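In my numbering, the protein residues as written are 311 to 692.
In structure tokens, the structure reads:
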């Protein structure tokens with residue numbers, strides 16, 4: 311029987327990848343524990359660890375006491391073997407987070423993009439500042455994922471349209487890759503929130519769910535079968551344009567605030583609703599956080615219109631409320647939305663509040679960046 315050339319090399323690479331993933335998720339581990347979990351013999355596991363140690367990917371971090379014999383060495387992934395950057399771009403701020411290959415965030419900085427007229431210069435400057443704060447070189451960054459408002463074309467990776475960031479247009483991605491390297495990706499911000507909820511938050515363990523971002527603008531992130539659904543042109547999730555009975559249809563789609571669902575649940579609409587209920591606050595989030603049951607019932611009823619539309623079309627089983635309104639309303643608002651959806655939808659979904667701490671866009675960007683970096687680093691071991 312002829313053997314395919316390169317097969318042993320491929321098997322070593324697959325074993326290395328499996329071992330590194332185990333060390334990240336379950337480590338530190340001894341050689342015997344790693345062999346047991348991977349199904350490899352102690353000899354093969356030892357050879358694997360020696361190879362990865364030579365490549366600077368794993369290191370001994372301690373010992374584990376056993377029986378009468380000597381203590382067994384504990385191995386873990388070297389955190390500094392690679393770093394990634396995640397970014398959130400807003401009209402008036404640019405936030406950069408840098409994480410090591412284990413996922414630990416080592417620095418987070420926010421800068422003023424100074425008008426944002428030159429996105430490439432603004433991003434490069436912010437990344438340099440973050441690297442300086444983390445005391446690492448830019449060459450150690452293996453992946454960059456940037457979250458922006460607007461529609462990102464899934465075929466080209468370019469921002470196809472962003473009302474809030476008009477200077478982020480076709481061609482910016484190519485310029486960023488020339489400046490930072492080929493591993494730059496731009497992604498819609500709410501899609502990144504969905505990744506964060508799936509990894510760390512309320513949707514952990516769920517392969518089908520939707521995230522509604524309720525805030526200044528309305529957005530939707532959808533994951534089906536464990537994969538983000540972006541649509542043919544990247545326009546999936548633009549829920550602010552959802553037609554709503556009683557609200558006028560937009561006459562010009564170049565004005566985002568004219569979408570029917572946006573008119574129903576946007577900040578201006580909820581501020582007017584709060585005044586009618588005698589609810590006062592410095593922000594809409596404060597109004598939702600401190601509002602009485604009657605006010606919150608109306609807010610929930612409005613959000614339920616969007617949730618019901620998602621439930622009857624996608625039947626995701628789980629809808630996560632995020633954004634400043636979803637976060638402020640918390641469990642109380644989510645329960646009211648779930649009840650309102652159940653009244654009008656034959657296939658109601660469970661509705662929960664966000665479970666992601668910190669900046670969800672940034673955390674989602676780091677999730678995506680880590681997946682890319684680990685694919686590069688962990689697949690190049692032999």
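Cβ coordinates follow ideal geometry from the N, Cα and C atoms, glycine included. Values in this document were obtained by computation on a predicted structure and should not be read as measured data.
Residue state for residue 537 is assigned as strand, using DSSP reduced to three classes. The residue among 410, 357, 371 with its C-alpha nearest the C-alpha of residue 323 is 357.
Here DSSP, grouped into helix, strand and coil, assigns residue 605 to helix.
Around the C-beta of residue 685, fewer than 16 other C-beta atoms lie within 10 Å, and the residue is accordingly described as exposed. For residue 498, the secondary structure class from DSSP, reduced to helix, strand or coil, is strand. For residue 646, the number of other beta carbons within 10 angstroms of its own is at least 16, and it is reported as buried. For residue 660, the enclosing beta strand (DSSP E) begins and ends at 660 to 663.
With a contact defined as Cβ atoms closer than 8 angstroms, residue 536 and residue 572 miss out at about 30 angstroms. It is roughly 21 angstroms from the alpha-carbon of residue 447 to the alpha-carbon of residue 688. Cβ atoms of residue 396 and residue 676 come within 8 angstroms of each other, at about 4 angstroms. Around the CB of residue 338, 16 or more other CB atoms lie within 10 Å, so the residue is classed as buried. The criterion of a C-beta distance shorter than 8 angstroms is not satisfied by residue 394 and residue 580. In the three-state reduction of the DSSP assignment, residue 624 falls in the helix class, which pools H, G and I. Residue environment for residue 371: exposed (fewer than 16 other C-beta atoms within 10 angstroms of its C-beta). The beta carbon of residue 625 is closer than 7 angstroms to those of 657 in its chain, skipping five residues each way along the sequence. Residue 468 places its beta carbon less than 8 angstroms from that of residue 483. The three-state reading of DSSP puts residue 469 in strand, counting E and B together. Shown here, residue 557 sits in coil according to DSSP, grouped into three states, outside any helix or strand. For the pair residue 366 and residue 388, the CB atoms are nearer than the 8 angstroms cut-off.
Between the alpha carbons of residue 526 and residue 489 lies a gap of roughly 32 angstroms.
Ranked by Cα distance from residue 506, the options 682, 334, 670 are led by 670. Residues 540, 544 of the same chain have their beta carbon placed closer than 6 angstroms to that of residue 464, with the five preceding and five following residues left out of the count. Looking from the CA of residue 442, the closest CA among 453, 407, 622 belongs to 407.
In this model, residue 501 and residue 376 are separated by some 46 angstroms (Cα to Cα).
The Cβ atoms of residue 520 and residue 629 lie closer than 8 angstroms to each other. The residue from 385, 420, 616, 601 with its alpha-carbon nearest to that of residue 402 is 420.
The shortest C-alpha to C-alpha distance from residue 655 to any of 627, 667, 510 is the one to 627.
Between residue 589 and residue 601, the CB-CB gap stays under 8 angstroms. Looking at the DSSP output, residue 474 bridges to nothing. Taking each of 517, 511, 452 in turn and checking the Cα distance to residue 491, the smallest one comes out for 452.
Note that the C-beta distance between residue 644 and residue 662 is below 8 angstroms. The alpha helix (DSSP H) runs of length 4 or more contained entirely in the region 421 to 466 are, from start to end of the chain, 429 to 444.
Counting only unbroken stretches of 4 or more residues, the alpha helix (DSSP H) elements lying wholly within the region 349 to 411 are 352 to 364, in sequence order. Secondary structure of residue 631 (DSSP, three-state): strand. In this structure, the CA atom of residue 405 is about 46 angstroms from the CA atom of residue 353. For the options 344, 326, 533, the alpha carbon positioned closest to that of residue 362 is the one of 326.
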